[in-house]
Every structure is written in structure tokens, then in C-alpha cells.
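Visitor: So for the sequence shown, full-length UniProt numbering puts the first residue at 1; every next one is plus one. Before I ask anything, let me first share the structure, which is written out below as C-alpha cells.
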Amino acid sequence: MELGADYVDIELKVAHEFINSIHGRKPEKFKVIVSSHNYQNTPSVEDLGNLVVSIQATGADIVKIATTALEITDVARIFQITVHSQVPVIGLVMGERGLISRILCPKFSGYLTFGSLEPGIVSAPGQPTIKDLLNLYNFRQLGPDTKVFGVIGKPVSHSKSPHLYNEAFKSVGFNGVYVHLLVDDIA
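What follows is the structure, given as C-alpha cells:
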């Protein structure tokens, strides 16, 4: 805060203590992100909603929830929270199945996403590079009206379809994004 940071990300377990410690000294533009990480699964929408309320109660400016995808459908629960929340929410689903939560965050009202500076040097599993977010997925142009397309499979990350289609979408000015969808069972 004293060094000019715009944001600080604090774990929920220590949020009350931290927020109380800066009470009265917090610059107006300075935002506190309070985070909860679940490395086992993605809870129900009801439990996620209760978690948002708990995080808000700390005095957080921004709520951050990171969960783990066991199935690609886990991402839908996070999107339900980001779309329907009345406060800024960063909703991330970790792991390869959760990659789309990071790419599609602007479509589903997520406050921001995280990307790595280089491939393989990530702060969480399933994190894309900033280069891919900006160039491959055209991240800055994504929004609520963006159409989503994808290739389904297991494995799927080897597919070049996102490169082909996203470049084509950009060249004709089509508001769409093409992603990998890692699906274990299509039945």
C-alpha cells in the first residue's frame, strides 16, 4: 500500500485482521481483494454464494474465489456466481478443465483474470499466458455478447482449432472466441 500498489490479495483466513490493520490509512484507489482457494473441488452454487457473502463481510472491495475443476461443468457454477453477483468477483477454476474460466471471464462478468508471463511458469494450474489471452483469445475484445465455440475432446490441448478460428474471427471482425473444452465423458 505504501509502495503504491493498486491492489493487494489477502487470504480469507487473515482478511479481518489485515483490513482492521489498515483501517483509516487505506488510500481511496487502493483495493483489497479477499481470496478463498479450494484445491479439492468446486462447491455447489449455494455454497459459493455463501462464500461470497462471507468474503464481503470482511470488508473486501473485490471477492476472489478459486476452485478446482473435477469436470468441465464445474466452471458453470463459477460463471453463475460472477454473472449474478452484485459485487466485483474474480472467479477462477484451476486445472486444465478450468482454463475456460480464465479465458471467458469477460463474457461472464468476471472482474479480472490471471495470466502467466511465460509458458510453464504459473501461479496456479491451468493458467494461460498473457500472450495467449491477448493474442490467441483476443481477451480485451470479449464481452457478454461474445459467441463461444470450442473443440471437445480428451485430450484436446493439442488441437490447433483455436489458433485457426480465432484468427479467422479477428480477420472478419466477428465477436467470437474458440476454446479447448476438455471433456471426460460426452454422454
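We put the beta carbon where it would ideally sit given N, CA and C, even for glycine.
Using the Cα positions of I100 and K26, report the straight-line distance between them to the nearest angstrom.
Guide: Going by the C-alpha atoms only, they are around 34 Å apart.
Visitor: At 4 residues or longer, and completely inside the region 57-99: list those alpha helix (DSSP H) runs for me, N to C.
Guide: 74-84
Visitor: Leaving aside the five residues before and after G150 along the sequence, list all residues of the same chain whose C-beta is less than 7 Å from its C-beta, in chain order.
Guide: Y178, V179, H180 and L181
Visitor: Exposed or buried, P144, counting other C-beta atoms within 10 Å across all chains shown (16 or more means buried)?
Guide: exposed
Visitor: With DSSP as the reference, identify every bridge partner of K147, one or two as the case may be.
Guide: G176
Visitor: K31 and I62 look like a contact to me (Cβ under 8 Å); what is the Cβ gap, rounded to whole Å?
Guide: 6 Å
Visitor: Whose C-alpha, out of D132, P128, L164 and P155, is nearest the C-alpha of L92?
Guide: P128
Visitor: Flag this pair as yes or no: are the beta carbons of I19 and T58 separated by less than 7 Å?
Guide: yes
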